[in-house]
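Once you know that position 298 of the sequence shown is 298 in full-length UniProt numbering, the rest is easy, because the numbers rise by one and skip nothing.
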Amino acid sequence: MLTISIILFIIILSFKILKPVYINRISILISIYCSIILLTIIFNTNVFYNYGISIYNSLGYISINQIIGQLIVWFTITLVLLLGESGKTRKNILRSSEYTLIILLSILGMNFLLISNDLVTMSLAIELISFPLYISASLYKNDEIYEGLGFNKNNLSGIYAGLKYLLIGSLGSVFILLGSVFIYGDTGLTNITNIIELLNIFNNKLEIYKIGSTLIIVGLLLKLGCAPFHNWAPDVYDGVPTIVTTWISIVPKIPFLIFLSLHPLFIYPLLSNLTLFSSFCSLIIGSIMGLLIFRIKRLLAYSSIVHLGFILLSISCIYYINTFTTIFYIVVYVITSINIFFILNSINLSKNIELLSELKGFVYNNKLLSFSLIISFFSLAGIPPFLGFYSKYFILLDSFNLEYYFITFISLLCSVISCVYYLRIIKIINFDDNIYMNYKSIHLNETISIVISFFTFLTLTFVLNGNLIFNLFNTPFII
Numbered sequence: 001m002l003t004i005s006i007i008l009f010i011i012i013l014s015f016k017i018l019k020p021v022y023i024n025r026i027s028i029l030i031s032i033y034c035s036i037i038l039l040t041i042i043f044n045t046n047v048f049y050n051y052g053i054s055i056y057n058s059l060g061y062i063s064i065n066q067i068i069g070q071l072i073v074w075f076t077i078t079l080v081l082l083l084g085e086s087g088k089t090r091k092n093i094l095r096s097s098e099y100t101l102i103i104l105l106s107i108l109g110m111n112f113l114l115i116s117n118d119l120v121t122m123s124l125a126i127e128l129i130s131f132p133l134y135i136s137a138s139l140y141k142n143d144e145i146y147e148g149l150g151f152n153k154n155n156l157s158g159i160y161a162g163l164k165y166l167l168i169g170s171l172g173s174v175f176i177l178l179g180s181v182f183i184y185g186d187t188g189l190t191n192i193t194n195i196i197e198l199l200n201i202f203n204n205k206l207e208i209y210k211i212g213s214t215l216i217i218v219g220l221l222l223k224l225g226c227a228p229f230h231n232w233a234p235d236v237y238d239g240v241p242t243i244v245t246t247w248i249s250i251v252p253k254i255p256f257l258i259f260l261s262l263h264p265l266f267i268y269p270l271l272s273n274l275t276l277f278s279s280f281c282s283l284i285i286g287s288i289m290g291l292l293i294f295r296i297k298r299l300l301a302y303s304s305i306v307h308l309g310f311i312l313l314s315i316s317c318i319y320y321i322n323t324f325t326t327i328f329y330i331v332v333y334v335i336t337s338i339n340i341f342f343i344l345n346s347i348n349l350s351k352n353i354e355l356l357s358e359l360k361g362f363v364y365n366n367k368l369l370s371f372s373l374i375i376s377f378f379s380l381a382g383i384p385p386f387l388g389f390y391s392k393y394f395i396l397l398d399s400f401n402l403e404y405y406f407i408t409f410i411s412l413l414c415s416v417i418s419c420v421y422y423l424r425i426i427k428i429i430n431f432d433d434n435i436y437m438n439y440k441s442i443h444l445n446e447t448i449s450i451v452i453s454f455f456t457f458l459t460l461t462f463v464l465n466g467n468l469i470f471n472l473f474n475t476p477f478i479i
C-alpha cells in the first residue's frame, strides 16, 4: 500500500499538474499518512509477535524490525520536507517539481531496501536510492546565487559535489554488484534466507561467498561515507545547499544501516571484523580531522563519520546481541542532527553562514535558538545526562561485555576528543565577540519553532530521570 501510494504520486508529478508548493505539501501529507499506516501495522499480531512474513514470492520480508525502520525513514522524510517548506528555502529550491520527484523516487528505493530479501531486489533498491541523490547534489548550481541556502558563492561546487558523489557512489555500486555475482556463483542462489540456510549446512565454509559478502560490505561502507572510504563526504556536504545536505547526510543512511544490521548474511564473525576495522578508522579519522576543520558543514561531515563509527561498532556486536541498541542510536542521531540542520537553516535565512567564526556571539541574537543548538551539540558529544550520552553508553556497554576492550577504549578516547570541537562551537556561540549587531533578529515560523522545541525537549527528556531509558531497554518486546 505504501509503495502504491508513492508510485501513484510520482505518476501525478510526471504530468506537472500541481504547483511545486502544493506538491511539497501533498508530499508531507503522504509521509504522515504512510507513518500512520506503519504504526497500525506494528500492532498487527502476525508481524509483531511472530518472526515476520515473506512477501512477493520471498523477494521481500517484513518483520517488526523492518516496520520500525520504515517508520524512522518516513518520520525523517516528513521533517526534511517541512524544512523545505520554510521561508526562502521554499521560494528558491521548490520552484520546480523536480526536488520533490527525486525525493519520492529515493523514498521508493528506501522502502524496497528495508524489506528486501533478495540480492537482486537489494541491488535495484540501492540504485533507486542513489541516483536521485546524485541528481539532488548537482541540481542547483552555485553560479545562481540563492540567499539563505548555504551556498559557496561564485563557484560551481554544486556540480563538483554532484559529480564526485556520482563517481564514488557508482564505484560502491560496482562492488555491491560484483559481490552479489560472487555469492550467486558460489551458491546458485539470490534469496538471502536460502543463502543463510545453505551457509548453516556448510558451516560457513564457502570461500567465494566470503569474498562476495566482503565486497558488498565495502560497497555499502563506501556509499555511507565510513572511513577509510570517507573522503567524498566532506566535499559533497560542503558543496550543496543546506537543505540538500540535510537530506543526503541523514536520510539515506537509515535504510543502509538498518538493512546491514538486520541481515545475518552480512554479520557473520568474519564480516564483523571488517565492520570493526571500519568502525576503528571512522572513530580515529572523524575525531582527529574534526579538530582541523573551520567550515560548519565539513565539521558536521566528520562528526557524522564518528557517529557512523559507533553504529558500525554496534552492528559488529549484533551477531551476539539484539538490534535495539543500533536502532536506538540511529534514532538519537537523527533527532539531534535534524535539530541542528533546522537551526542552521533558520540562521541562513538571516545571514548566510559557512564558517564557524560566523557564529560568533549568536547567543545575543536569539537566546532560545542558541540554547537549542548548544543542547544538540552537547547531545552529539555524548555528554551526560543528554540523550546522546545514553545511546553511546549502551553501545560501549555491549562492546565491553563482549570483551572488545581495545575498540571500547578507542571509542571512549575518540568520544572525548570529538568533544573538543563541539565545545569549541559552543564557546564561539556564547563567549566570542558579537558579530550579529548589524543583522536582523531571527524569527521562525510556527512549524519550525514547534519542531525545534520538540526535539530540544526530547534531548532533555532524560536529564531529570535517566531510569526511564533503562526501563525502555528492559521492555520485553525489544527487538
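Glycine residues also receive a C-beta, built at the ideal position from the N, C-alpha and C atoms.
Grab the span of the beta strand (DSSP E) containing residue i for me, first residue to last.
| i | result |
| --- | --- |
| Tyr61 | Gly60 to Ile62 |
Helix, strand or coil: which one does DSSP assign to residue i?
| i | result |
| --- | --- |
| Asp118 | strand |
| Ile353 | coil |
| Asn366 | coil |
| Ile53 | strand |
| Asn345 | helix |
| Asn401 | helix |
| Leu380 | helix |
| Val188 | Before going on, a small fix: residue 188 reads as Gly here, not Val. Reduced to three states, the DSSP call for Gly188 is coil. |
| Phe112 | helix |
| Pro385 | coil |
| Tyr320 | coil |
| Leu139 | coil |
Between which two residues does the alpha helix (DSSP H) carrying residue i extend?
| i | result |
| --- | --- |
| Leu417 | Before going further, note that residue 417 is Ile rather than Leu in the sequence given. From DSSP, the alpha helix (DSSP H) with Ile417 extends over Tyr405 to Phe431. |
| Ile216 | Glu207 to Leu224 |
| Asn200 | Ile192 to Ile201 |
| Ile250 | Thr242 to Ile250 |
| Gly361 | Gly361 -> no alpha helix (DSSP H), and no H or E assigned at all. |
| Val451 | Glu446 to Leu460 |
| Leu298 | It should be pointed out that residue 298 corresponds to Arg in this sequence rather than to Leu. Arg298 -> alpha helix (DSSP H) spans Ile296 to Cys317. |
| Ile227 | Just to set this straight, residue 227 is Ala in the shown sequence, not Ile. From DSSP, Ala227 is part of no alpha helix (DSSP H); its letter is neither H nor E. |
| Phe259 | Lys253 to Leu262 |
Assuming residue i and residue j make a contact with CB atoms under 8 Å, what is their CB distance in whole Å?
| i | j | result |
| --- | --- | --- |
| Trp232 | Lys164 | 5 Å |
| Ile285 | Ile305 | 6 Å |
| Val73 | Ile343 | The Cβ separation is near 22 Å, so there is no contact. |
| Pro234 | Tyr302 | 7 Å |
| Thr461 | Leu387 | 7 Å |
| Val451 | Leu79 | 7 Å |
Measuring only the C-alpha atoms, how far is residue i from residue j?
| i | j | result |
| --- | --- | --- |
| Thr447 | Phe371 | 18 Å |
| Met289 | Ile192 | 38 Å |
| Gly309 | Thr187 | 32 Å |
| Val416 | Phe389 | 12 Å |
| Ser173 | Ser379 | 34 Å |
| Phe15 | Ile135 | Only weak support is given to the placement of Phe15: the predicted model assigns it a pLDDT of 47, under 50, and the question is left unresolved by the model. |
| Ser391 | Leu124 | 32 Å |
| Val120 | Val251 | 22 Å |
| Ala137 | Ile243 | 10 Å |
| Asp118 | Phe294 | 43 Å |
| Leu220 | Phe131 | 15 Å |
| Phe457 | Ser106 | 30 Å |
| Tyr160 | Thr275 | 30 Å |
| Ser54 | Ile115 | 9 Å |
| Phe431 | Lys360 | 8 Å |
| Phe406 | Tyr56 | 44 Å |
Could you check if residue i belongs to the surroundings of the ligand ATP, using beta carbon to heavy atom distance under 6 Å?
| i | result |
| --- | --- |
| Ser346 | Ligands in the displayed structure: none, and consequently the ligand ATP is not present. |
Run the CB neighbour count on residue i, radius 10 Å, all protein chains shown included, and call it buried at 16 or more, exposed below.
| i | result |
| --- | --- |
| Phe259 | buried |
| Ser418 | buried |
| Gly357 | Looking at the sequence shown, residue 357 is not Gly but Ser. Exposed, by the Cβ-count rule. |
| Phe362 | buried |
| Gly148 | For Gly148, the predicted model reports a pLDDT of 43, less than 50, meaning its position is unreliable and no value from the coordinates is stated. |
| Asn348 | buried |
| Gly212 | buried |
| Val429 | The sequence given here places Ile at residue 429; Val does not occur at that position. Buried: at least 16 other Cβ atoms inside 10 Å. |
| Leu313 | buried |
| Ser58 | exposed |
| Asn339 | buried |
| His307 | buried |
| Val463 | exposed |
| Leu413 | exposed |
| Gly185 | exposed |
| Pro476 | Note that Pro476 has pLDDT 45, beneath the 50 cutoff, so the model's placement of it is unreliable and no number is given. |
| Leu94 | Reliability of the predicted coordinates at Leu94 is poor, the pLDDT of 45 falling under 50, and no value is obtained from them. |
| Pro384 | exposed |
With a cut-off of 7 Å, does the C-beta of residue i fall near any C-beta of chain C?
| i | result |
| --- | --- |
| Val236 | Of the protein chains in this structure there is only one, and it is not chain C. |
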